[in-house]
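Undergrad:
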Amino acid sequence: MKVRLQKFLAEASVASRRASERLIVNGLVEVNGKIVKELGTKVDPDHDAVQVEGRLVKSRRKIYVALNKPRGYLSTRSDELGRRILTDLLPVEWAHLHPVGRLDKDSEGLIFLTNDGEFTLRLTHPRYGVRKKYRAIVEGLVDQGMLKLFMTGVEHDGETLRAEHARLVDANNSHSIVELELAEGKNREVRRLFESQELVVARLQRTQIGPIKLSELPDGRWRALTDTEVKALLSCAPIQRADAPKPPAR
17 MKVRLQKFLA EASVASRRAS ERLIVNGLVE VNGKIVKELG TKVDPDHDAV
67 QVEGRLVKSR RKIYVALNKP RGYLSTRSDE LGRRILTDLL PVEWAHLHPV
117 GRLDKDSEGL IFLTNDGEFT LRLTHPRYGV RKKYRAIVEG LVDQGMLKLF
167 MTGVEHDGET LRAEHARLVD ANNSHSIVEL ELAEGKNREV RRLFESQELV
217 VARLQRTQIG PIKLSELPDG RWRALTDTEV KALLSCAPIQ RADAPKPPAR
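This note's numbering puts the first residue of the sequence shown at 17, with every later residue one more than the last.
#1: Please check the pair residue 157 and residue 111, which I expect to be a contact at CB under 8 Å, by giving their CB distance rounded to whole angstroms.
#2: Residue 157 lies in the beta strand (DSSP E); which residues open and close that run?
#3: So what does DSSP say about residue 261, is it helix, strand or coil?
#4: From 101, 93, 76, pick the residue whose C-alpha is nearest to that of residue 86; which is it?
#5: Evaluate residue 127 with the Cβ neighbour count: other Cβ atoms within 10 Å of its Cβ, from every protein chain shown; 16 or more gives buried, anything less gives exposed.
#6: Just reading off the alpha helix (DSSP H) that residue 243 is part of, what are its end residues?
#7: Assuming the contact rule is C-beta atoms closer than 8 Å, residue 177 and residue 163 should be a hit. Round their C-beta distance to whole Å, please.
#8: Please state the DSSP three-state secondary structure of residue 32.
#9: Helix, strand or coil for residue 186, going by three-state DSSP, please let me know.
#10: By a C-beta neighbour count over all protein chains shown, 10 Å radius and 16 as the cutoff for buried, is residue 35 buried or exposed?
#11: Return yes when at least one heavy atom of the ligand MG lies under 6 Å from the C-beta of residue 131, else no.
#12: Rounded to the nearest angstrom, what separates residue 134 and residue 220 at their Cα positions?
#13: Report yes or no: do the segment 114 to 128 and the segment 207 to 225 share at least 3 C-beta pairs separated by less than 8 Å?
#14: Under the rule that 16 or more other beta-carbon atoms within 10 Å means buried, what is residue 192, buried or exposed?
#15: Does the beta-carbon distance from residue 61 to residue 91 come in below 7 Å?
#16: Look at the alpha carbon of residue 225 and the alpha carbon of residue 149, and state the distance between them as a whole number of angstroms.
#17: Could you please give me the residues that DSSP links to residue 229 through a beta bridge?
#18: Quick one: grab the DSSP three-state call for residue 143.
#19: Spatial neighbours of residue 154 within its chain, please: CB distance less than 8 Å, with the 5 preceding and 5 following residues excluded, ordered by chain position.
#20: State buried or exposed for residue 151, treating a residue as buried only when at least 16 other CB atoms are found within 10 Å of its CB.
#21: Quick one: Cα of residue 48 to Cα of residue 208, how far?
#22: For residue 93 and residue 137, what's the separation of their Cα atoms in angstroms?
#23: Residue 17: which of 26, 33, 27, 59 sits nearest, CA to CA?
#24: Pull up the CB-CB distance for residue 82 and residue 233, whole angstroms please, since I reckon it's below 8 Å.
#25: Determine the closest residue to residue 76 out of 53, 130, 230, with distance taken between C-alpha atoms.
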């Protein structure tokens, strides 16, 4: 399947999409031995030979992994303190994969890892609004008034936090179980929603991203996403007009 040349270069980690466009316009990119300067140029990664400043660019096989993150792991590619990170749970040859978004150290549940930058952007940037579902066990009693407030929006540390949906699953004198659905995914948003009501989240699990559910994936285990699942996720975040490549400044 053919893709735009600048997208191919970005996915091969040559440069960012914008920087790749500049390389093309400046005549530094060759396709099958010919210099190309048109941003509309498309290439077939499996058949066309692409060179940048005389060096052959190799396409990368895209990898998409779903992981059930356990508590105690950092959502990062490395840690100077030697703490446990997500790629410790993957085959060593996948150590280069990056997490799609984050779950804090004490949270658990569904998270994706990939080498596809566009996939990451479309699933994490607020403008796409990809829905994510969480299950929170909260210390104390959560009432319907709080849930309505969460869906209306609360102010916390200078930010407006809001859940698309919030539902009380169960409650007793000491704990409440709440399911929430978020579209924007600000830093620690679920925990901060409850903090705004002086409640502490004892346990937090992400159960769904877009159409993909955690289901029966065991704690600490991973599986590869199917092509159908990847397409379904991207269909939740269609490319918008503002994302289209812009012509370089003259």
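We treat Cβ as the ideally placed atom computed from N, Cα and C, and that holds for glycine.
TA: The structure says:
#1: Wrong, their Cβ atoms sit about 44 Å apart, outside the cutoff.
#2: Element bounds for residue 157: n/a, residue is neither H nor E.
#3: Bear in mind that a pLDDT of 49 at residue 261, under 50, signals an unreliable position, so the model cannot answer this.
#4: 101
#5: buried
#6: 243 to 251
#7: Not really, about 13 Å apart at Cβ, beyond 8 Å.
#8: coil
#9: strand
#10: exposed
#11: The ligand MG is not part of the structure shown, which contains no ligands of any sort.
#12: 28 Å
#13: yes
#14: buried
#15: no
#16: 7 Å
#17: 224
#18: helix
#19: 191, 192, 193, 194, 210, 215, 216, 217, 218
#20: buried
#21: 53 Å
#22: 17 Å
#23: 59
#24: 7 Å
#25: 130
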